[in-house]
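Okay, so here's the structure we're looking at.
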Ligand SMILES: Cc1ncc(COP(=O)(O)O)c(C=O)c1O
């Protein structure tokens with residue numbers, strides 16, 4: 001009898017993750033001996049950024065002191081308290097729950113899992129980080145895009161958001177500062193979004209994982225700080241600002257009206273208990289990060305500022321235009337090219353060794369074409385990669 005292939009669940013069909021999908025092609029190309037220039041992964045530790053030594057010491061000590069068993073499901077008290085204090089310092093009041101998770105990713109996944117039923121929808125930004133779509137596909141819920149407005153510095157458009165909310169909408173996701181655009185949202189706009197969410201009775205998910213990497217003199221505002229009664233889940237972690245993505249340390253903070261949130265948070269906590277806990281020794285780094293010395297942050301931002309400036313200087317010209325990112329380490333240039341951005345990115349890898357991610361992997365307005373670059377590499381590598389890209393663009397632009 002012919003052995004039957006094992007059939008994957010149908011829900012896996014809709015799961016894509018463009019950031020890692022381009023890697024396979026890059027690996028193939030690298031085998032040909034071509035010099036590769038990687039501008040595709042938002043991992044600072046792959047470049048000249050290292051985890052602050054005081055965080056490493058704390059984790060090593062925790063391991064030596066045998067903090068290697070399971071921790072409470074919501075996290076060790078010191079980490080939970082440090083996150084509470086940090087959130088309060090950002091102006092977040094009425095904190096109802098804090099949970100420490102395996103990266104911000106797990107907090108997001110648990111928060112969505114406890115919220116949606118099949119057929120519900122959640123508003124997600126286009127362009128935006130693809131995790132939300134992947135999780136919602138798994139939950140057989142609808143990821144319903146709202147578009148960020150490139151002509152307005154990639155800010156959300158309130159009318160567009162309003163037009164997409166219906167009786168099955170359960171939450172709106174904000175990524176602020178944003179991946180992949182680097183936009184930071186102004187206070188007044190956040191106030192309007194919060195008012196709309198209150199009017200429609202939907203939860204706000206605010207992903208603020210890049211809030212310590214603001215490169216301009218704009219102030220990052222936690223949307224939860226603007227109304228102590230509004231039900232908001234705020235996500236953050238050690239991956240980006242604290243330069244430890246491989247540690248998988250993140251958290252969620254639930255704030256707002258306790259009565260409104262009570263049953264939902266009971267659901268969140270059932271899931272938290274079922275998965276036991278996040279990595280225990282790593283949790284000891286949370287208080288050390290939030291309460292310890294932060295000189296490294298200014299150095300990180302200074303390096304990124306220079307790299308951001310090179311990016312904007314070089315990626316504006318014939319066939320390409322880039323809105324200046326105010327934060328994080330991503331830019332999302334618009335391309336005026338023949339063919340699709342996916343084909344452009346593939347050929348760019350094969351013919352120049354420059355690895356970026358196509359805009360369609362993050363969502364974009366129909367008909368528009370973009371790519372995402374990560375400006376974490378050194379200034380020399382960036383100049384070389386952008387030089388190759390511009391040369392390639394000459395023969396592909398419209
Ligand atoms: C917007 C956004 N949210 C969440 C994450 C996931 O972060 P973590 O490493 O904490 O799981 C990322 C990672 O790139 C991100 O860009």
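Numbering (the numbering used here), first residue to last: 1 to 398. Cβ coordinates follow ideal geometry from the N, Cα and C atoms, glycine included.
Closer than 7 angstroms to some heavy atom of ligand 1: that does not describe the Cβ of residue 66.
Short note on residue 129: C-beta closer than 7 angstroms to some heavy atom of ligand 1.
Residue pairing by DSSP puts residue 121 in a beta bridge opposite 142 and 169. Collapsing the DSSP output to three states places residue 239 in coil. Counting of Cβ neighbours within 10 angstroms places residue 60 among the exposed residues, the total staying below 16.
According to DSSP, residue pairing for residue 334 in a beta bridge involves 321 and 370. Note that the C-beta distance between residue 295 and residue 55 is not below 8 angstroms. Residues of the same chain with a CB within less than 7 angstroms of the CB of residue 288, apart from the 5 flanking positions on each side, are 54, 55 and 58 in chain order.
Per DSSP, reduced to three states, the secondary structure at residue 280 is helical. Between residue 161 and residue 115, the C-beta spacing is not below 8 angstroms. Take the alpha-carbon of residue 80 and the one of residue 269: they are about 14 angstroms apart. Beta-bridge pairing by DSSP links residue 102 to 249. Distances taken from the Cβ of residue 343 to the heavy atoms of ligand 1 include none shorter than 7 angstroms.
Take residue 138, set aside five residues on each side of it, and the residues of its chain with a beta-carbon closer than 6 angstroms to its own are 11, in chain order. DSSP places residue 184 in no alpha helix (DSSP H); its state is neither H nor E.
Rounded to the nearest whole angstrom, the C-alpha separation of residue 199 and residue 193 is 10 angstroms.
Take residue 267, set aside five residues on each side of it, and the residues of its chain with a beta-carbon closer than 7 angstroms to its own are 114, in chain order.
Counting along the chain, no alpha helix (DSSP H) covers residue 73, and no H or E run does either. Shortest gap from the CB of residue 44 to any heavy atom of ligand 1: 7 angstroms or more. Just so you know, the alpha carbons of residue 74 and residue 238 end up roughly 16 angstroms apart. If you look at residue 163, you'll find it in the alpha helix (DSSP H) that goes 158 to 164. Taking a contact to require three or more Cβ pairs closer than 8 angstroms, the region 136 to 151 and the region 98 to 108 do not qualify as touching. The C-beta distance from residue 213 to residue 329 rounds to 7 angstroms, short enough to fall under 8 angstroms.
As DSSP reads the structure, residue 358 sits in a beta bridge with 371. Cβ-Cβ separation between residue 206 and residue 242: approximately 19 angstroms, too far for a contact (criterion under 8 angstroms).
Per DSSP, the continuous beta strand (DSSP E) segment holding residue 207 begins and ends at 203 to 207. A straight-line Cα-Cα distance of about 32 angstroms links residue 50 and residue 15. If you look at residue 274, you'll find it in the alpha helix (DSSP H) that goes 258 to 274. DSSP places residue 132 in the helix class (H, G or I) of the three-state scheme. Annotated three-state conformation of residue 327 is strand, per DSSP. DSSP places residue 95 within a strand segment (E or B) once states are collapsed to three. From the listed residues 298, 331, 389 and 281, the smallest Cα separation to residue 62 is found for 281. When DSSP states are grouped into helix, strand and coil, residue 214 belongs to the strand group.
Beyond the five residues adjoining it in sequence on each side, residue 222 comes within less than 8 angstroms, by CB distance, of 87, 90, 91, 92, 206, 208, 211 and 234 in the same chain, given in chain order. In this structure, the alpha-carbon of residue 195 lies about 11 angstroms from that of residue 203.
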